[in-house]
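For reference, the structure is listed below as structure tokens.
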Amino acid sequence: MFDYKLLSALAAVVEQAGFERAAQVLGLSQSAISQRIKLLEARVGQPVLVRVTPPAPTEIGRRLLNHVQQVRLLERDLQSLVPALDEAGLPERLRIALNADSLATWWAVAVGDFCAEHHLLLDLVVEDQNVGLKRMRAGEVAACVCASERPVAGARSVLLGAMRYRALASPAFIARHFPDGVRADQLARTPALVFGPDDFLQHRYLASLGVEGGFEHHLCPSSEGFIRLAEAGLGWGLVPELQMREQLERGELVELLADKPIDVPLYWHHWRNGGQLLGLLTERLIKAASSKLQAVS
Numbered sequence: 085m086f087d088y089k090l091l092s093a094l095a096a097v098v099e100q101a102g103f104e105r106a107a108q109v110l111g112l113s114q115s116a117i118s119q120r121i122k123l124l125e126a127r128v129g130q131p132v133l134v135r136v137t138p139p140a141p142t143e144i145g146r147r148l149l150n151h152v153q154q155v156r157l158l159e160r161d162l163q164s165l166v167p168a169l170d171e172a173g174l175p176e177r178l179r180i181a182l183n184a185d186s187l188a189t190w191w192a193v194a195v196g197d198f199c200a201e202h203h204l205l206l207d208l209v210v211e212d213q214n215v216g217l218k219r220m221r222a223g224e225v226a227a228c229v230c231a232s233e234r235p236v237a238g239a240r241s242v243l244l245g246a247m248r249y250r251a252l253a254s255p256a257f258i259a260r261h262f263p264d265g266v267r268a269d270q271l272a273r274t275p276a277l278v279f280g281p282d283d284f285l286q287h288r289y290l291a292s293l294g295v296e297g298g299f300e301h302h303l304c305p306s307s308e309g310f311i312r313l314a315e316a317g318l319g320w321g322l323v324p325e326l327q328m329r330e331q332l333e334r335g336e337l338v339e340l341l342a343d344k345p346i347d348v349p350l351y352w353h354h355w356r357n358g359g360q361l362l363g364l365l366t367e368r369l370i371k372a373a374s375s376k377l378q379a380v381s
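Note that my numbering has the sequence shown beginning at 85, numbered continuously upward.
Listed below in structure tokens is the structure:
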């Protein structure tokens with residue numbers, strides 16, 4: 085049988101990105117957390133953490149994290165039937181990987197009431213939509229929103245809809261770089277805005293216009309900062325349609341090529357044995373996304 089005090093110590097170290105913060109969350113000393121991790125490693129006969137900054141789970145550590153996260157959710161279902169089992173009465177904390185553009189647009193409205201109704205705290209990990217699934221594979225999160233359809237082993241994926249992006253720039257940027265009108269073959273030779281090294285949306289957009297290869301770009305890992313840089317004329321970028329309507333109406337941003345959007349499908353991934361809470365959250369997200377995201381045929 086597993087000693088869940090040891091597993092809780094492992095989960096806290098990974099989720100809190102260190103031994104000191106894990107100790108604070110669990111109300112223990114840092115040395116006590118370290119002792120529990122050592123005892124867990126002695127029990128399984130191999131390391132569960134790589135001692136780097138922040139600590140990272142080993143392969144067996146990831147499997148144990150997957151297990152303890154699912155146990156937490158199943159225990160919540162049992163506590164709802166037998167309230168006396170919930171001695172601490174603490175809110176559930178759900179760790180979710182989420183792309184920044186969803187967080188900046190439709191996500192908060194979708195989950196606000198749900199968290200209040202179910203006494204739920206969220207621990208959000210912001211990742212590009214193309215790589216969020218790696219957090220589930222690593223056992224670090226219980227669910228994620230990402231662009232990958234295929235779930236990891238033991239999980240389900242549900243299509244929420246598509247995030248529609250449009251290529252935008254400031255009027256001053258367009259006047260400076262495209263005085264004779266915007267041509268697709270010129271875009272690779274003008275500065276673009278890219279969210280991060282894992283963001284290949286601009287590559288996809290240019291490829292859809294017949295433009296291949298590299299291109300000049302700034303890196304800006306912030307949805308709000310991305311808009312500010314575009315407004316300031318530093319580059320052109322692909323911005324969620326949900327996020328830029330006011331800027332378009334005010335003329336602060338202009339679409340480079342009219343009616344040339346690109347859609348990115350978004351999938352909600354969650355563990356199969358995630359209990360009732362994840363099931364209810366899935367229903368809420370599907371309903372909310374249907375009114376905000378583009379339908380996918």
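Even for Gly, the Cβ is constructed at its ideal location relative to N, Cα and C.
Can you tell which of the options has its C-alpha closest to the C-alpha of residue i?
i    : options                : result
K122 : P235, A93, P275        : A93
A253 : L178, L285, L337       : L337
D283 : D212, H302, P138, A291 : D212
E296 : A107, D185, P131, L285 : L285
P349 : P235, R273, M247       : M247
D87  : E300, V380, G317, R120 : R120
A181 : R219, Q154, E201, A272 : R219
A188 : H203, P324, Q130       : P324
S307 : W355, V155, A184       : A184
V136 : F103, S113, L112, S375 : F103
A95  : G129, T142, Q130       : T142
V210 : S186, Y289, R105       : S186
I258 : H287, G317, Y289, E367 : G317
P345 : E367, R288, H302, T366 : R288
L361 : Q100, S118, E201, K89  : E201
Just to confirm, is the Cβ distance from residue i to residue j under 9 Å?
i    : j    : result
N150 : G238 : yes
P275 : G319 : yes
V152 : L91  : yes
F279 : Q270 : no
L148 : L110 : no
V98  : P139 : yes
G265 : R146 : no
A116 : A107 : yes
L353 : C199 : At residue 353 the sequence reads His, which differs from the Leu that was named. Not a contact, by the Cβ cut-off of 9 Å.
L341 : A268 : yes
G335 : L158 : no
Y249 : D343 : no
Q154 : N357 : yes
W190 : A379 : no
K47  : V128 : Residue 47 cannot be examined here, being either before or after the span of the chain that is shown, 85 to 381.
V236 : Y351 : no
E339 : A251 : yes
Could you tell me how far apart the beta carbons of residue i and residue j are, in whole angstroms, since I believe they sit closer than 8 Å?
i    : j    : result
L322 : L244 : Their Cβ separation, rounded to whole angstroms, is 19 Å, which puts L322 and L244 out of contact at 8 Å.
Q331 : E315 : 7 Å
R179 : A226 : 6 Å
D207 : R177 : 6 Å
I144 : V134 : 11 Å between Cβ atoms; not a contact.
A272 : F299 : 4 Å
L313 : C304 : 6 Å
Give the secondary structure of residue i by DSSP, where H, G and I count as helix, E and B as strand, and everything else as coil.
i    : result
R199 : According to the sequence as given, residue 199 is Cys; it is not Arg. Helix.
D269 : helix
S241 : strand
G358 : coil
L337 : coil
W190 : coil
A116 : helix
G319 : coil
Q331 : helix
Q153 : helix
Q130 : coil
L377 : coil
R234 : coil
A314 : helix
R248 : strand
A226 : coil
A342 : coil
D185 : helix
Alpha helix (DSSP H) containing residue i: first to last residue?
i    : result
L94  : 88-99
R288 : 285-292
A259 : 255-261
L217 : 217-221
V109 : 103-110
Output the boundary residues of the beta strand (DSSP E) element that contains residue i.
i    : result
R382 : Lying outside 85 to 381, the shown extent of the chain, residue 382 is not represented and no answer is given.
V384 : In the structure as shown, the chain begins at 85 and stops at 381. Residue 384 is therefore absent and cannot be evaluated.
L277 : 276-278
L303 : 301-303
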